[in-house]
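Notes to accompany the following structure.
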Amino acid sequence: MQARRSHKQHAVDKFARQLAECIAIAARDGNSRGLILVAAPRFLAEARSHLPKSAQQHIAREVPHDLVGSPSLVLQQRLAVALQPMDG
1198 MQARRSHKQH
1208 AVDKFARQLA
1218 ECIAIAARDG
1228 NSRGLILVAA
1238 PRFLAEARSH
1248 LPKSAQQHIA
1258 REVPHDLVGS
1268 PSLVLQQRLA
1278 VALQPMDG
């Protein structure tokens, strides 16, 4: 018997599926080069589980940080770091 999922779990899954679908469409249309995903580690895993392999190739980097509720200045700083080119 499968445990009932909470409304929050359902919403997270739905959003992860929608995000994955948008990434897949952009990848198919050639509009997604070097995407950087910044999200909480659990959400990154959830979103990744819904991405087709062809779309996964368009993800340049994943940044496992939960920035929800971060003050604007902190958010800007963290995103600036995430957008810097990787070494090597």
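Every position in the sequence shown, counted from 1, becomes a number in our numbering once 1197 is added. Glycine residues also receive a C-beta, built at the ideal position from the N, C-alpha and C atoms.
Item to check | Beta carbon of residue 1224 nearer than 9 Å to that of residue 1252 | outcome: Closer than 9 Å, so yes.
Next on the checklist: Going by DSSP in three states, residue 1260 sits in which element: helix, strand or coil?
Outcome noted: Residue 1260: strand per DSSP, three-state reduction.
Checklist entry - Just the Cα atoms here: how many angstroms apart are residue 1236 and residue 1282? => result If I take the Cα positions, the gap works out to 18 Å.
Next on the checklist: In the DSSP output, what is residue 1232 paired with across the bridge?
Outcome noted: For residue 1232, which the question treats as bridged, DSSP gives the partners 1256.
Checklist entry - Looking at the unbroken alpha helix (DSSP H) that takes in residue 1275, where does it start and where does it end? => result 1269-1280 is the extent of the alpha helix (DSSP H) around residue 1275.
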